[in-house]
Structure formats: C-alpha cells, structure tokens
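Undergrad: The following block contains the structure, expressed as structure tokens.
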Amino acid sequence: MAAADTLAAARPPANRTISWLVFAIAIALIVATPFLPNYHVRVLNSLLIYILLGIGLNIVIGYTGLLDLGFVAFYAVGAYSYGLLASPQLGLHMPFLLILLVAACLGAVTGILLGIPVLRLRGDYLAIVTLGFGEIIRIIINNLDWLTGGPQGIARLDKASILGIQIARPIDFFWLLLITVLIVGTVVWRLERSILGKAWAAIREDQDAARGIGINTTNAKLAAFATSATIGSIAGAIFAASQRFVSPESFTLQESVLIVLMIVVGGIGNIFGIVAGAAILILLPELLREFAEWRILFLGLLMISLIIARPAGIVPRSFGPEKLIRGLFGK
Amino acid sequence: MLGNLIQQTVNALTIGSIYALIALGYTMVYGVLRMINFAHGEMFMLGAYVAFLALSLLVGDVGMSGALALTVAFLVAIFLVGLIGVGIERVAYKPLRSSTRLAPMLSSLGVSLSLVTGVQILAGPQPVAFPSFFPVVRYQVMGGTITLMQIGILIAAFVLMFGLHVLVNRSRIGIIVRAVSESRPTAQLLGINVNGAISMVFFVGPLLGAAGGILYSSYYGIMSPSMGAVIGLKAFTAAILGGIGSIPGAMLGAFILAFIEVWGTALLPIVTNGVLGTEYRDVLAFAILILVLLVRPAGILGEAVSEESIVYKREF
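Residue numbers (my numbering), protein chains in the order written: chain A, 13 to 343; chain B, 1398 to 1713.
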C-alpha cells in the first residue's frame, strides 16, 4: 500500500497547460479547416487517412508487439473494394456505407488469412513474411488486369454519398475522416484498456509467459490482425472514394514502411504518438514542398536524429487520451 | 533445348552470385547485431556510383586507361563504400545499440532514404549508362550463348566469397566476428573487442554489396539512385531463405532465388497453361519464401532461433 502511495505521488501530475494547449490546437485546426483552400484540406485529409492507418497498424505493432511490414495490403483490399463495387469496372454501383461494411469484413477476413500461417513466426521472420504478403497482393493487383485494371488502375469511381448527402468536396471528406478517426480512435483506445488489450500487452512483453498464465495467444493475435486489417481496409475504402481512382502505385512497400515509421517516430503504442508521427512525416514534406528533393533528404536525416534522440518516440507513452482528459477536466 | 538449358543456368548463376554478394551483408549484420539493415541495398547503389565517379576521374583526369583503370576503380569503390558503411554504423546505429530492436532498423530506413535522395540530388534521379567492365565476347557452348562478362562476374563473385570464407573461418578477425555473432554479452565478458568486430562487419558487408552493385550495373549497363531498393529486397529475401545469420545460407539462398526467378520465368506460363505469366515470377519467389519459413522458420541453413535475442533485448 505504501509503495502504491509513493508511486502515485511520484507520478507527475496531469499537466493542465499541455493538455489545454493540445486541445486548443486541435479545435483551432478543426474550426479553421472549412476556410482553408482545397489544397490544404486535401493535405489534412491525407494526414487523417495516415492517422487512421497508423491507429490500425499500431494494434499489431504497438500493442501486440508483432512487426507487420505488409499492412498496406489491407489498405489495398479496402481501396479496391470501393474501386470494384462503385465504378463502371464491373458495372456495380453500391452505396458507400454498404461498401464500407463489405470492405471492413473483407479486411477482417484477409487479416485472419494472413494471421493463421504466421502465428508460429516471431520477430524478423514475421516481418519478412508479412512484407512478402504485401508484395504478393500488390503484384497480383498489378497483373490481374481483367479485374483490377492492372497498372492503370480503376478510374471514374462513383461519388460517395451517405444517406443522400453527397460527399464529394475535400471538406466533406475532412468531416467524414475526422468522425471516422474519432470513432475508431476511441474504440481502439478502449480496446487497449479491455481484457483483450491486456492479453495483447502480455503477448508483447513475453509470449511464453502470456501462454503460461492461460491467455489464448492464437486467438488474441488473430483478433489483433483482424482488427488492424479492418481499420486499414476502412481507410482504404475512404481513400478510394476521396481520390475516385485506385491504382497499385498507392500500395507499395514504402507505404507500409512509412506507416511503421509514423508509429515509431511518434511514440509506439500511443494514439497521440501516431498523430504526432503522421504530422511530422506527412505534413512536413508538404510544408517544405518548395525545397523539392531536399525535403526528402531532410526528412531522412530528421528520422535518424529523432530515433537516436528519442528511441521511444516523441510523445511519451504515458501521455495518452486518459492523461489529456485528466488534464482537461479532472485533477 | 540443351543450349537453352545451359544458357539459363549460366544466367541464373550470374544473377545468383550478385544476389549472394549482397545477401552476405544482410546476414553478417544480422549475425552480430540481430538487426535488419534496410540501408544495405543502398551500399549496392553507392558501389556503382562511386565506381563510376572513380572511373571517370581515373580516365579523364589521371589519364589511366583500359583494364588498369577498371580494376583500380573497382577496388577503390568497394573500399570506399566499406568505409562509408563503417561511418554510417558509427553515426546512425551505434547510439541505438542498447535501445529496442526496432530502433536501429528504422534508423537504417532513414539512412536509406537519405542516401537515395542524396545521390539523386548530386547525380540526378535519371538512370545513367554504366560502362561494361568486360569486353563483349560471346562463346557458343552446345548451342547456348555465354558472355565473357558472365564468366567475369562469376569469377569476381567467387573470389570475393572465397576471400570472405577465409576471413571468417581462417583468421583472427573471423574468430572475433564469429564469437560476437554467437553471443555478444559472452564475447564482451571475455574481453573481445565487440566494437571492432561490428565495425569489421560493417566494412566487409558494404564492400561486398558495392562489388555486387558494380557487377550488376556492368551486367545491365545501367545504374540509378533507386536501384538498391528492389535488389536489396531480393537479396534480403535470399538471406532469409537460406537462414539469416548464416553465411553459407546466404549464398545458397541467393542461388536458389536466382534459379527460381530464371526458371520461374521460363516455366510458369507453361506449367499453368498461360494463366500465370512471367509477371508472377516475384509472387513465386515470395510464395516459396513463405512456404520455406512455415516449414523451417529459421530458413534452410539457419539454426533454430535462439531465444537469447529476446532475453537480452526487447523487441519493441
């Protein structure tokens, strides 16, 4: 008891200033977005899509501790779900919400299909097999011309609409993505706090010990893969709807790597870390656009320095949603 | 038919020996640091660019000519890239040695990005024609065509690999590297210069990778800043296939991968009756990799993964 009290006293107090600052910046950004030019809104949309992808992949990497380098495959599954079900390609024109549901289910199934064979593998072998899986999916999409249009991709996708409200302008997608990120973020954050989340953490810390205390590691890992894939797939479907075009070019290994980097640079296992990582790796190159290729060099060097300076990420693991809420409203 | 068989086999051996040179760098780094060095493909690219620069300096400014200039450029380039490799390790990986296992891997991604962009800025993003290191001579062997270049590449690669074999198995440096690879904490306790061993690996790995890059660019007559990515991935696949951490494994994996690629290209359309074309070659390579890993998770020649790496280091 005494030890617990000491620990509680030693824990730094919820930092009001930082919490309010983060909150204020977020609100200001959201309020200002409708007045920004379309180009800026598009950049923010791509930021939100990457945050969504980061939240998804973080379940496997940050919570469960499995290095997945083929995450982009699920993103592609979602994007091509929309591409095939809402375009002249197959003559199908399903409503957006239905496709979102289909994409989510397909994503979960693909996630489990990948999960089953790799359950036995650990660490680097898992990384390389998932990487191979991602490449296989991309090569198949690239060559299955009759279905996916091959390297040309699928163009002229339908405009999305939800319950009669058309979603076409960048700002419409901004709201859609913001709501999706908030919902998915909250669900995942609560999931991490749930009994399943504890099982993931146990697997991450020590798989054998986790099995030893009676955790069904197979099911927990499959659940992690399925949840993560579902989120990736949803992000893909929204991405396809906002671009109204899909092609295999968007689903290269580099994308998977970028998402992993976002998570690690920002702060692994922490939703706020993903936001910070995405802001650095997505917004910074956009802001420095006039410097052309120098910005990529700068980004590369920044990545090295950030990882060396803060190997655990910019945002400390402790500064999660609880801390923000505590800083804002509680003691 | 026989001529075709011979020609395809020589093609596979040529590509395989280049893959092997690169795969060795992945496997050696993994052996001592348990780290996937994503920047290793860039050593391959740097090799070609540094050799090109050295060659134009030697021929243009020094006035050296012919075979001598090529040999000197080759040796200078691989040595320089070896030094670059050591420098990169000092700057980007050494500070992360006590960190999580993921940190140096991601740092190497940053290195890779910086090197590709750096070369793009300095030399331009477009592919550049690369001089042939061997005169164009063709031999007809039982109906198949073999070029002098292929023979030269095979000889160069085998000399380098034999050199590595001697270095690792017959020299004092090799004993040190193997000891560190076996168990870093134990080697450290025994007073072995661990930093020296790691520097050695980061010298030899990039050196071999650079040699692979020069031979590859010479074979295809072209180099580009982004050429390291695809070949790096293939060589890495080869290293995993053979059993990462194992030096003979990397060579075996490289030749298996090359044969799968060359024969896959020829046989895939025939076997599947045209349903799967040659474009599925890489799918075949990855599918075989995944199957091998599922049956033998440590690769063909890899030893069963010891849990040591997990015991003394957190994965993430």
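Glycine is no exception: its CB is placed at the ideal position from the N, C-alpha and C atoms. All values reported here derive from a predicted model rather than from experimental measurement.
Measuring only the C-alpha atoms, how far is S1496/B from S1504/B?
TA: Whole-angstrom Cα-Cα distance: 12 Å.
Undergrad: Our contact map puts G1602/B next to G1422/B with C-beta atoms below 8 Å; I'd like the distance itself, whole angstroms only.
TA: Contact flag correct, Cβ pair sits at about 3 Å.
Undergrad: Measure the C-alpha to C-alpha separation of L1638/B and G1646/B and round it to an integer number of angstroms.
TA: 8 Å
Undergrad: Apart from the five residues on each side of it in sequence, which residues of its chain come closer than 7 Å, Cβ to Cβ, to L1681/B?
TA: I1657, G1661 and L1665
Undergrad: Taking a Cβ distance cut-off of 9 Å, strictly less, list which residues of the stretch 1624 to 1645 of chain B are near chain A, in chain order.
TA: A1626, L1630, F1633, T1634, I1637 and I1641
Undergrad: What residues are listed by DSSP as bridge partners for H105/A?
TA: A98/A
Undergrad: With DSSP collapsed to three states, give me the class of S240/A.
TA: Assigned with DSSP and collapsed to three states, S240/A falls in helix.
Undergrad: Got a sec? Which residues, its chain only, sit under 7 Å from M1539/B by beta carbon, not counting five neighbours each side?
TA: Closer than 7 Å at the Cβ level, and outside the excluded window around M1539/B, lie L1399, G1400 and I1403.
Undergrad: Can you grab the Cα-Cα spacing for the pair Y51/A / Y1616/B, in whole Å?
TA: 45 Å
Undergrad: Mapping the DSSP letters down to three states, classify T1544/B as helix, strand or coil.
TA: strand
Undergrad: From V1525/B to I1619/B, what does the alpha carbon distance come to, in whole angstroms?
TA: 6 Å
Undergrad: Entirely within the stretch 1617 to 1678 of chain B and at least 4 residues each: give me those alpha helix (DSSP H) ranges in chain order.
TA: 1624 to 1639 and 1644 to 1668
Undergrad: For S1462/B, which of helix, strand or coil comes out of DSSP?
TA: Here S1462/B carries a coil assignment [DSSP, helix/strand/coil].
Undergrad: What are the residues in the stretch 1478 to 1507 of chain B lying within 7 Å of chain A by C-beta distance?
TA: A1489, P1492, L1493, S1496, T1497, L1499, A1500, L1503, S1504, L1506 and G1507
Undergrad: Based on DSSP bridge pairs, tell me the residues matched to V258/A.
TA: I166/A
Undergrad: In this structure, does DSSP put Q219/A in helix, strand or coil?
TA: Here Q219/A sits in helix by DSSP.
Undergrad: Should the stretch 315 to 334 of chain A be regarded as contacting the stretch 285 to 300 of chain A, the criterion being three or more beta carbon pairs within less than 8 Å?
TA: yes
Undergrad: Spell out whether any CB of chain B is found under 8 Å from the CB atom of P297/A.
TA: no
Undergrad: Shorter than 8 Å from the beta carbon of E1712/B to some beta carbon of chain A?
TA: The predicted position of E1712/B is uncertain, since its pLDDT is 47 and thus under 50; a value taken from the coordinates is nonetheless stated next. At least one chain A Cβ lies under 8 Å of E1712/B.
Undergrad: At a Cβ threshold of 8 Å, is D1679/B touching chain A?
TA: yes
Undergrad: L110/A: which of L175/A, G144/A, R168/A and G103/A sits nearest, CA to CA?
TA: L175/A
Undergrad: Name, please, each residue of chain A whose Cβ falls closer than 9 Å to the Cβ of G1515/B.
TA: L309 and G312
Undergrad: What residues from the stretch 74 to 88 of chain A come within 9 Å of chain B, judged by C-beta to C-beta, listed N to C?
TA: G74, G77, L78 and L79
Undergrad: Assuming S268/A is part of the alpha helix (DSSP H), what are its boundary residues?
TA: Counted as a single uninterrupted DSSP element, the alpha helix (DSSP H) harbouring S268/A occupies residues L265 to G278.
Undergrad: Mind checking the stretch 1517 to 1545 of chain B against chain A and listing, in chain order, the residues whose C-beta falls within less than 8 Å of any C-beta there?
TA: Q1517, I1518 and P1522
Undergrad: So, under 8 Å CB-CB, K1428/B and F1600/B are touching, yes? Tell me the CB distance rounded to an integer number of Å.
TA: Residue identity differs from the one stated: residue 1428/B is Gly in this sequence, not Lys. Not confirmed; about 14 Å, so no contact.
Undergrad: Mind listing the chain B neighbours of G144/A? Cutoff is C-beta to C-beta under 7 Å, in chain order.
TA: F1683, L1686 and I1687
Undergrad: Determine which residues share a DSSP beta bridge with V1525/B and list them.
TA: M1620/B
Undergrad: For E147/A, decide whether its Cβ has a neighbour in chain B, counting only Cβ atoms nearer than 8 Å.
TA: At least one C-beta of chain B is nearer than 8 Å to the C-beta of E147/A.
Undergrad: Taking only three categories from DSSP, how would you classify S1388/B?
TA: Residue 1388/B falls outside the range modelled here, since chain B spans only 1398 to 1713, and no answer is possible.
Undergrad: What residues of chain A sit near I1433/B, judged by a beta carbon separation below 9 Å?
TA: D136, A139 and I140
Undergrad: Pairing CB atoms from the stretch 265 to 276 of chain A with CB atoms from the stretch 69 to 79 of chain A, are three or more of them under 8 Å?
TA: yes
Undergrad: Rounding to the nearest angstrom, what Cα-Cα distance links P107/A and A98/A in this structure?
TA: 8 Å
Undergrad: Could you check what DSSP says for R1535/B in three-state terms: helix, strand or coil?
TA: When DSSP states are grouped into helix, strand and coil, R1535/B belongs to the strand group.
Undergrad: Applying the criterion that 16 or more other CB atoms from any shown protein chain within 10 Å of the CB defines a buried residue, is S1706/B buried or exposed?
TA: The pLDDT assigned to S1706/B is 42, lower than 50, so where the model puts this residue is not dependable, and the model offers no usable value.
Undergrad: Can you name the residues of chain B whose CB is closer than 7 Å to the CB of V269/A?
TA: L1506
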